[in-house]
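Asks: Every letter in the sequence shown is one number past the one before it in my numbering, and letter 38, counting from 1, is 38.
The beta carbon of each residue, even a glycine, is placed where N, CA and C say it ideally should be.
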Amino acid sequence: MEFSELEDVRVKLNEDGKDEFWHVIDEFGGVKNFSQAFDISPSKMYNWKSKDSFLPIELVKQVFGNQPRFVEAYKGRGRSKPVENPVFPIPEDSGLLTRVECSVSVNSKGIPVYQASDMGLVERFADLLGLLGDVPFKVYSRKVYELRYPKYLHSILVEMDYEPSVEALVDEKGVICENVAVVEDREIDIEELGQLYHRGKRLDLALIREDKKEIARIMSEEKGKIRKALDQA
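#1: On the CB-based measure, 16 or more other CB atoms within 10 Å of its CB, does H154 come out buried or exposed?
#2: Under 8 Å by Cβ, that's how I've got Y162 and L97 pegged, so tell me the actual separation to the nearest angstrom.
#3: With respect to the beta strand (DSSP E) encompassing R148, which residues constitute its N-terminal and C-terminal limits?
#4: In angstroms with no decimal places, state the Cα-to-Cα distance between L203 and I218.
#5: Can you round the beta-carbon distance between P112 and V104 to whole angstroms, since I take them to be within the 8 Å contact cut?
#6: Just to confirm my understanding: we take P68, look at its own chain, exclude 5 residues before and 5 after, and list those with CB closer than 7 Å. What are they?
#7: When the Cα of V24 is compared with those of D8, Q195, L59 and K12, which residue comes out closest?
#8: When DSSP labels each residue in this structure, what does V11 get in the three-state scheme?
#9: Look up I176 in the DSSP assignment and say whether it is helix, strand or coil.
#10: Quick one: what's got a C-beta closer than 6 Å to P214's C-beta in the same chain, skipping five residues either side?
#11: Just how far apart, CA to CA, sit D189 and P86?
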């Protein structure tokens, strides 16, 4: 998704951007003239300037056009936590978007919640969020694992177009049986599958393929996790 397509978020400019932004405002004739020309409250403009606030993206586009070169973070309204060091254009990653479609629900407070029974999937989802920048999220361990991330970011993700990832579908909803993976009434030859992240399905796949290196790698990872858990106990 291009910067030009982003709407209803607020952005933080780096130091060069702040200087350039208010320099453009001054060249326009100052806050008063600019606010009148674009029908913006001058008191809000002065408040944004004095408090070094996040600025409405629409305002930044009016000053800089559709160029994100000065943007170091973006967020939603209110006290939402920002995505820092954002990547533009925002990647439309099929693996991430497939997992959002399959396994994210919105709770009663409007917060998006990714749910999985396997920690490997949660770790993969967090890694994929990292493609967008430094994304704030929290992980909870309940009856299932939950990863919660900002509402405004979910609003952006669900607007993106993508082709579903077969591997992500198998990870989230599929079953490995003999030489095929079954997902949504579709059978996929296991030789056509790439990397899986669900630990159980990953092991099933390695056993069927008789991939001794992958089996050894998985067992080593599990031993490391058990050792770490014991050290923290």
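Replies: In short, the structure shows the following:
#1: On the sequence shown, position 154 is the one that residue 154 refers to. Answer is buried; the Cβ neighbour count reaches 16.
#2: Taking the sequence shown and counting its residues from 1, the one referred to as residue 162 is at position 162. Taking the sequence shown and counting its residues from 1, the one referred to as residue 97 is at position 97. Yes, they are in contact, since the Cβ atoms of Y162 and L97 sit about 4 Å apart, within 8 Å.
#3: As a first step, residue 148 must be located in the sequence shown, where it is residue number 148. Annotation: the continuous beta strand (DSSP E) that includes R148 extends over Y145 to R148.
#4: Indexing the sequence shown from 1 puts residue 203 at position 203. Indexing the sequence shown from 1 puts residue 218 at position 218. Answer to the nearest angstrom: the Cα atoms are 7 Å apart.
#5: For the purposes of this step, residue 112 is taken as residue 112 along the sequence shown, with counting starting at 1. For the purposes of this step, residue 104 is taken as residue 104 along the sequence shown, with counting starting at 1. Between V104 and P112 the Cβ distance is about 5 Å, and since that is below 8 Å, they are a contact.
#6: Within the sequence shown, the letter at position 68 stands for residue 68. Excluding residues within five positions, the ones whose Cβ falls inside 7 Å are F3 and F88.
#7: Stepping through the sequence shown from its first residue, residue 24 is reached at position 24. Per the Cα distances, L59.
#8: Against the sequence shown, residue 11 aligns to sequence position 11. In the structure shown, V11 sits in a strand (DSSP, three-state: E or B).
#9: The residue given as residue 176 occupies position 176 in the sequence shown. The answer is strand: DSSP assigns I176 an E or B state.
#10: Your numbering for residue 214 matches position 214 in the sequence shown. In the sequence under discussion, the amino acid at residue 214 is Glu, which differs from the Pro named in the question. Around E214, the same chain offers A206 as residues with beta carbons nearer than 6 Å, after the five sequence neighbours per side are excluded.
#11: In the sequence shown, the residue the question calls residue 189 occupies position 189. In the sequence shown, the residue the question calls residue 86 occupies position 86. Distance between the alpha carbons of D189 and P86 is about 37 Å.
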